[in-house]
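J.:
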Amino acid sequence: MTDYKNLKLIATSNPHIRNNETTRSIMLDVIIAMIPALVWAIICFGVEALILTAVSVIGCVVFEALYRILMKKPQSVDDLSAVVTGMLLAFVCPPTTQLWMVLIGDFFAIIVVKQLFGGIGKNFINPALAGRAFLLGSYAGAMTSWVDPAVNKAPIFGGTVDVVTAATPLAYLKTGNMDGLKEIYSVGDMFLGKSGGSLGEVSALMLLIGGVYLLWRKVISWHTPVAYIATVAVLTLLFPKAGSGVDFMLYSIFGGGLFLGAFFMATDYASSPITKKGQLIYGIGCGLFTVFIRYFGSYNEGVCYSIMVMNCCTALIDKYVKPTRFGVVKSDKKGAAK
Amino acid sequence: MAQAFFGGVHPHDMKAATNAKAIEQLAPPAEVVIPMSMHFGAPCTPLVKVGDEVKVGQKIGEFRGLGAPIHASVSGTVTAVEPRPYSMGGNMMSVVIKNDFQDTISEEVKAPADPDALSVEEMIEMVKQAGIVGMGGATFPTHVKISGGIGPVTDVLINGAECEPYITGDHRTMLERPEEIIGGCKFLAKMFGVDKVVIGVEDNKKDGIEAMNKVIAEQKAPVVVEPLHCRYPQGGEKQLCQAITGRQVPPGGLPSNIGCAVFNINTTCAIYRAITTGMPVVRKIVTVSGSGVVEPKNLECPIGTPVSLLFDACGGLKENTYKIIAGGPMMGMAQYTTEVPVGKGTGAMLAFCENEEQTVENPQCIRCGKCVEACPVHLEPLMMYQYAAKGMVDELNEAHIMDCMECGACAFACPARMHLTHMFKTAKQLVKDKAAADKAAAEAAKKAEEEKKEAAKV
Ligand code: SF4
Ligand code: SF4
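Chains as they are written, first to last, in the numbering used here: chain A, 1 to 338; chain B, 1001 to 1458.
Structure follows, in structure tokens:
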């Protein structure tokens, strides 16, 4: 029989089994969910879109690895979160962005926003959005020149400078020129992603596919994206800038980075609330700010900044929105709160 | 369908290894080691000394205050009364009996002439003398639960959820001894004066539900079987109460606060046996399973059987076994040695040799909120972890850490593999110590104050 004395037993605390999901598997799911949008970007903007994304990913991974080595911290790149950041940052840049520029964004995202705050889970702002905001602040011109995918493929290496700068649908929405917008893009075009915009944001359909995948894999819950998109939809339906409410609403939710923001950016774990209730509030907040900026702000697009604003509110939301403790019935909540 | 509770996790149930295997009787052990603490409360005082002859069912340990008596599980000679390792960690005063293999039953074990004619007091006394405790692992003395519950309790619930993975002892009992369960329910109904007893069973045990329903129909017993969702910890007392009655036990409260009393399946059987035959708790059904066990089984053995014998009966352990657990994988306690004996609350002995643990180096919380979603008490484990890591006692209290039932759901769900439950166990101790220290300091201050007053008077 077995000699039980020879067993090397460890006696750690319960639970003794763990779910199969890991940080890495979650990040891998996010990467998978972004692939449809990436494929669409390559179709629209050419292989340059792939190169830009690849460079951004490599940039993020290398910066993170170097930082961890230099600071003598345990290596963390194998959790794949840097890959996600790299992809997301490329997704929110115009397809014509210079490669060196995206690397600067990577540096800001990974080093300043993520690592200096302590690494994964500690960043209070979405690193990819912060990277983009930094680039927008530094190189406003380059970050707002858009190509029309229908007209030509963008030569991002800066060789032949025949980029046809196109106004994005958001610019039309901003000025309320619905007729002009309808002339160039149908609602279907917008949904499929035949309009101009940032690399990964143009196709609502592809992002929706990825979003549904994330929901199905339980990587994200529906609360943030649904609250966000629904808020934008309701506001634009009720208060269209021009044309009929339904038209304006459809162009508004399919245009710009709303789907990318709602499914991939606002759901970033580290910078969004931890409770479902909190996520609803946060999603609604994102929606309100997005519409507000799009209507009244100086930028055409409000997704990036509104999410960043709500990122800053996350700590506050988490402080006040707590799950109702088991056994505390609503009516006697006050009495038992002590 | 009964109401589900919010929170909880769905671990793979791993029950297929043993749920089709009938309960086997273990070959009588040559020696049993009976710890004097197998219940919630102070340990028993041994009533026997080295050299004494004992018989099956003879009382060998008497309790004081909250507790339950302990009985000899085999007949033979007492060879030692000394501290020995036991499954709750560390050593415990134990009575060691050398088995004479005669299985002579003690004269103390007396079956009543007509069990149905017993008064409520007599039945409770029999439960008390039989040393019955919560056999699901909580080991709260059953007679206390019954006598304390008569009156306020309107709902008597039987916990057949068996929500911990691997364990199938209750399931097998439902299939093989449904009359004992239903018989126990009838006695409970009589003691509490209720007209119906509800058995909650997770709906992965359809055949168990059928077997019990058959007996209920035959006997026209006042018992209802309620299928429950499969979800851990469905078998937590408070979760079960909510699932069946829709009422929530208030924080820090007991099921009796909302008029419920919960008994485990095997506790119910023990009540039946005690009242009909007078036989105390001397045997226990143990599921022996896990990747490290060569041939998993359900075994019934005398209380005090060294667990190494259970593993022997299952073909031994695989060489690379790294963990042995008394109880289920979610809440059970890891053991340093296979010398520990089976106690009244030992429903399973598991051995693991694969990657069940899945630990990682440098776990980093990613703030995914999955622990919040998983916590059946609706706490915020990630916050509690941060406070605990920094020793912030006030914040821990505010986060209601004392409500944590150490169920392990949060740590199970955590993709970053944070050691949440472990941290909370330590932190709860910290909070308790702090409270005790504060109290002592306050008392000392008060005393000093009084002394000062006294001095002033003089
Ligand atoms: S489940 Fe783990 S990683 Fe996620 S928030 Fe909780 S502690 Fe952090
Ligand atoms: S161990 Fe405590 S904190 Fe974690 S899920 Fe269970 S009750 Fe909640």
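Yeah, the Cβ is synthetic: ideal placement off N, Cα and C, and Gly gets one too. Nothing here was measured: the structure is a model prediction, and the numbers come from that model.
Our contact map puts L173(A) next to G255(A) with C-beta atoms below 8 Å; I'd like the distance itself, whole angstroms only.
T.: 6 Å
J.: Is F263(A) close to chain B? Criterion is C-beta to C-beta, closer than 8 Å.
T.: no
J.: Consider the Cβ of P225(A): report whether some Cβ of chain B lies at a distance smaller than 8 Å.
T.: no
J.: Taking one C-beta from the stretch 1158–1168 of chain B and one from the stretch 1195–1206 of chain B each time, how about it: are there three or more such pairs within less than 8 Å?
T.: Cβ pair count under 8 Å is three or more, so yes.
J.: Ignoring anything shorter than 3 residues or poking outside the stretch 1179–1208 of chain B, list the beta strand (DSSP E) runs there in chain order.
T.: 1197–1202
J.: Output the distance between the C-alpha atoms of P1069(B) and G1041(B), rounded to the nearest integer angstrom.
T.: If you draw a straight line from the Cα of P1069(B) to the Cα of G1041(B), it comes to about 11 Å.
J.: What residues in its chain sit with their C-beta under 8 Å from that of V1050(B), if we drop five residues either side in the sequence?
T.: V1078, T1079, A1080, V1081
J.: Here's the rule I'm using: 16 or more other beta-carbon atoms within 10 Å means buried, otherwise exposed. How should N126(A) be labelled?
T.: N126(A) should be labelled buried.
J.: Check K1059(B) in the structure and name its three-state DSSP category.
T.: strand
J.: Relative to the C-alpha of L280(A), which residue among L205(A), A266(A), A270(A) is closest?
T.: Checking every option, the nearest Cα to that of L280(A) belongs to A266(A).
J.: Verify the CB distance criterion: does R325(A) have a CB-CB separation below 8 Å to chain B?
T.: yes
J.: For T1079(B), does the three-state DSSP call read helix, strand or coil?
T.: strand
J.: Quick one, which of A1427(B), L1175(B), G1169(B), S1073(B) has its alpha-carbon nearest N1099(B)'s?
T.: When A1427(B), L1175(B), G1169(B), S1073(B) are compared, the shortest CA-CA separation from N1099(B) is found for S1073(B).
J.: With respect to the beta strand (DSSP E) encompassing N1099(B), which residues constitute its N-terminal and C-terminal limits?
T.: 1091–1099
J.: What residues from chain A crowd round F1474(B), counting only those whose CB sits closer than 8 Å?
T.: With chain B running from 1001 to 1458 in the structure shown, residue 1474(B) is simply not present.
J.: Which residues bound the alpha helix (DSSP H) around F124(A)?
T.: Where F124(A) is concerned, there is no enclosing alpha helix (DSSP H), given that its DSSP letter is neither H nor E.
J.: What would DSSP say about D1103(B), mapped onto helix, strand or coil?
T.: coil
J.: For T1045(B), which residues does DSSP report across the bridge?
T.: DSSP, once it has assigned bridges, lists E1062(B) as partnering T1045(B).
J.: Kindly confirm or deny that the stretch 1171–1187 of chain B and the stretch 1211–1231 of chain B touch, where touching means at least three C-beta pairs closer than 8 Å.
T.: yes
J.: Given C1269(B), which residues of its chain have a CB within under 7 Å of its CB, disregarding the five upstream and five downstream residues?
T.: By the criterion of a C-beta distance shorter than 7 Å, C1269(B) is surrounded in its chain by T1173, R1177, E1180, I1181, G1184, once the five residues flanking it on both sides are discounted.
J.: Could you check the C-alpha separation between G197(A) and G243(A) for me, to the nearest Å?
T.: 22 Å
J.: With a threshold of 7 Å, establish whether the CB of A1416(B) neighbours any heavy atom of ligand 1.
T.: Correct: A1416(B) has its Cβ closer than 7 Å to ligand 1.
J.: On a CA-only basis, which of A1027(B), G1278(B), D1103(B) is nearest F1311(B)? Give me that one, please.
T.: A1027(B)
J.: Quick check: does the Cβ of A1409(B) come within less than 7 Å of any heavy atom belonging to ligand 2?
T.: yes
J.: Using a threshold of 8 Å, state whether the C-beta atoms of Y282(A) and G121(A) are closer than that.
T.: No, the pair does not count as a contact, with Cβ atoms beyond the cut-off.
J.: Measuring alpha carbon to alpha carbon, tell me which of V113(A), P240(A), V62(A) ends up nearest F296(A).
T.: Nearest C-alpha to F296(A): P240(A).
J.: Does ligand 2 have a heavy atom nearer than 7 Å to the CB of F248(A)?
T.: no
J.: CB of A1374(B) to nearest heavy atom of ligand 2: below 7 Å?
T.: yes
J.: Report the residues of the stretch 1239–1269 of chain B with a CB closer than 7 Å to any CB of chain A, ordered along the chain.
T.: Q1248, V1249, P1250, P1251, G1253
J.: If you measure from the CB of L1379(B), is any heavy atom of ligand 2 nearer than 7 Å?
T.: yes
J.: If you follow the beta strand (DSSP E) that Q75(A) is part of, which residue opens it and which one closes it?
T.: Counting along the chain, Q75(A) falls outside any beta strand (DSSP E), and DSSP gives it neither H nor E.
J.: Shorter than 8 Å from the beta carbon of R1084(B) to some beta carbon of chain A?
T.: no
J.: Is the number of C-beta pairs between the stretch 55–68 of chain A and the stretch 83–102 of chain A that are closer than 8 Å three or more?
T.: Yes, they touch.
J.: Would you be able to state if there are at least three C-beta pairs under 8 Å between the stretch 35–46 of chain A and the stretch 199–207 of chain A?
T.: At 8 Å Cβ cutoff, the stretches touch.
J.: Run through the DSSP bridge pairs and tell me what I1285(B) is partnered with.
T.: Under DSSP, I1285(B) shares a beta bridge with E1300(B).
J.: Could you tell me whether the Cβ of A1030(B) comes closer than 8 Å to any Cβ of chain A?
T.: no
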